[in-house]
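If you read the sequences in order, they're chains W and C.
For the first sequence, the numbering used here assigns the number 2 to the initial residue and increments by one for each residue that follows.
For the second sequence, the numbering used here assigns the number 2 to the initial residue and increments by one for each residue that follows.
For each residue, glycine too, the CB sits at the ideal point set by N, CA and C.
Protein chains: 2
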Amino acid sequence: MLLRGGFEMYNERKISSAVINRLPRYYRYLGDLLENDITRISSKELSTKMNITASQIRQDLNNFGGFGQQGYGYNVEYLHSEIKKILGLDRVYNLIVVGGGNIGQALVNYTNFEKRGFVITAVFDVNPRLIGMTIRGVAVYDVDYMKEFVENNKVDVAILTLPRSQANSIANDLVEWGVKGLWNFSHVDLNMQEDVKVENVHLTDSLMTLLYKINEVETEESVNPQTKDDSEE
Amino acid sequence: MLLRGGFEMYNERKISSAVINRLPRYYRYLGDLLENDITRISSKELSTKMNITASQIRQDLNNFGGFGQQGYGYNVEYLHSEIKKILGLDRVYNLIVVGGGNIGQALVNYTNFEKRGFVITAVFDVNPRLIGMTIRGVAVYDVDYMKEFVENNKVDVAILTLPRSQANSIANDLVEWGVKGLWNFSHVDLNMQEDVKVENVHLTDSLMTLLYKINEVETEESVNPQTKDDSEE
């Protein structure tokens, strides 16, 4: 418990959640470099590409033991594969979808997940019209079968794409049955015990934030019509 | 330009982006209270529900002129309607989807958006099998028609659900043609001018972060098998 409170642990080091949230982005950029046959990169070049400071990059990567060499920069392939290991992407994960509606089906149909080792093995729903169907080869089961399935299969992550009214109670059941993490698309915050790992994707909140920003520009322009012109280069 | 740099403007006040990001969550909780016929609430009660401190709530809402009354708390309906106005949710928005794949289709099929005034009016794709179809009444057009459509219809937001290799170039076109905000689901960061409003939904990054957190627990447990027991109440 001492390890929590904003800081997390990796091999005896403390890594802030801000760094952890940036890791997938490093991984993505390094993957792009690899695809373009770029074998090494300085923190300065990477910094320009990623639009963060070089010192931030050095600091972030130092959390995991550095990887950079003075005067050479980073070995892209090595750094990519190390971050892959750190993120735990060197193995396959078993995911289930709870709620076979639009978003749930879209995620099952998203073949890129499988390429990365995120395998959706079952979908659960209450809708008799969906139960018994398959989506890209993945069976849709009655939620009544979910307990048995989760207890007999090591399920790493449950993807919650179900109505908000049911999300909390089902989330608690899933964790009790052995699911390790919840990827929550339901438009509600989950009230879980502190040690349950949750990542929220609140689509409506994200869109609302965007709309606020758009309106703010319009407000600024009407309050001070100069603002737009001033900001242009 | 002076208004930027972490701080944004609302009616002569400066509002941090952290507050703005929390507004949709306030709006959601207040909507829940209204649905449950709760007409007033203290910052303390709201604090318990939302799992943030009461002083944070008072500080956040003070940005918009307070709303609370000593000894009474907040009038839920009033606060809800004020935040609705602040977020600009008292009008209808015109959205287009660029990329009619799984996620794009799922968003068109998501009827809750429409209820909130987020109306998707067109989908654009390059796939001849999709062009000419309708998704829940929304036509799928050839991307070649997109310029004309955007220039003749006031498009507030383009939802980008297209392959990453094309996202940046199309995003720049859309903004040039008059789109005000980009809701980006493509797995790439958009390199836009500073004044373009962008919200990213990087699903794969979000899932990777969750997997890291799950693995971290496993690492902790193998390093120190006591951790789990200690953390249980």
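Supposed close pair residue i, residue j - CB separation, criterion 8 Å
i: W:Met162; j: W:Phe125; result: In the sequence as displayed, the identity of residue 162 of chain W is Thr instead of Met. Wrong, their Cβ atoms sit about 10 Å apart, outside the cutoff.
i: W:Leu211; j: C:Lys198; result: 6 Å
i: C:Val156; j: C:Asn95; result: 5 Å
i: C:Val109; j: C:Ile87; result: Not confirmed; about 28 Å, so no contact.
i: C:Leu80; j: C:Gly101; result: The pair is not a contact, with the Cβ atoms about 39 Å apart (cut-off 8 Å).
i: C:Asp61; j: C:Arg29; result: The pair is not a contact, with the Cβ atoms about 14 Å apart (cut-off 8 Å).
i: W:Phe119; j: C:Leu208; result: 6 Å
i: W:Tyr146; j: C:Asn103; result: Actually they do not touch by this definition, with Cβ atoms about 25 Å apart.
i: C:Met193; j: C:Val176; result: 7 Å
i: W:Val202; j: C:Val202; result: 7 Å
Residue span of the beta strand (DSSP E) that contains residue i, given as start and end
i: W:Asn201; result: Lys198 to Asn201
i: C:Ile97; result: Tyr94 to Val99
Those residues which DSSP pairs with residue i across a bridge
i: W:Leu183; result: W:Ala159 and W:Val199
i: W:Asp126; result: W:Asp143
i: C:Thr135; result: C:Ala140
i: W:Asn103; result: According to DSSP, W:Asn103 bridges with nothing at all.
i: W:Asn242; result: This structure gives no information on residue 242 of chain W, because the portion of chain W shown stretches from 2 to 234.
i: C:Ile121; result: C:Leu96
i: C:Ile42; result: C:Tyr75
Proximity below 7 Å, CB of residue i to CB of residue j
i: C:Gly182; j: C:Val151; result: no
i: W:Tyr213; j: C:Ile97; result: no
i: C:Val301; j: C:Leu47; result: The structure shown does not extend to residue 301 of chain C, since chain C spans only 2 to 234, so no value can be given for it.
i: C:Asp206; j: W:Pro164; result: no
i: C:Ala172; j: W:Ala107; result: no
i: C:Asn169; j: C:Leu204; result: no
i: W:Ile121; j: W:Val139; result: yes
i: W:Trp178; j: W:Glu200; result: no
i: C:Tyr75; j: C:Ile39; result: no
i: C:Asn216; j: W:Gly89; result: yes
i: C:Ile58; j: C:Ser44; result: yes
i: W:Val127; j: W:Val144; result: yes
Continuous alpha helix (DSSP H) stretch holding residue i: start and end
i: C:Arg165; result: Arg165 to Trp178
i: W:His188; result: Looking at the DSSP string, W:His188 is not in any alpha helix (DSSP H), and its letter there is neither H nor E.
i: W:Asn22; result: Ser18 to Glu36
i: C:Ile58; result: Ala55 to Asn63
i: C:Tyr79; result: Val77 to Ile87
i: W:Thr112; result: Thr112 to Lys116
CB contact below 7 Å: residue i versus chain D
i: W:Tyr111; result: Protein chains W and C are contained in the structure displayed, whereas chain D is not.
Members of the region 123-146 of chain W near chain C, C-beta cut-off 8 Å: none
Selection of the region 177-208 of chain W by Cβ proximity to chain C, strictly under 9 Å: Lys181, Gly182, Leu183, Trp184, His188, Val189, Asp190, Asn192, Gln194, Glu195, Asp196, Lys198, Val199, Glu200, Asn201, Val202, His203, Leu204, Thr205, Asp206, Ser207 and Leu208
Contacting positions in the region 50-68 of chain W - beta carbon closer than 7 Å to chain C: none
Under 8 Å (Cβ pairs) to chain C, residues found in the region 76-97 of chain W: Contact residues of the region 76-97 of chain W toward chain C are Ile87, Leu88, Gly89, Leu90 and Tyr94 (C-beta to C-beta distance below 8 Å).
Interfacial residues, the region 144-168 of chain W to chain C, with Cβ spacing under 7 Å: The region 144-168 of chain W vs chain C, Cβ under 7 Å: Asp157 and Val158.
Near-chain C residues of the region 24-38 of chain W (beta-carbon distance less than 8 Å), N- to C-terminal order: Leu24, Pro25, Arg26, Tyr28 and Arg29
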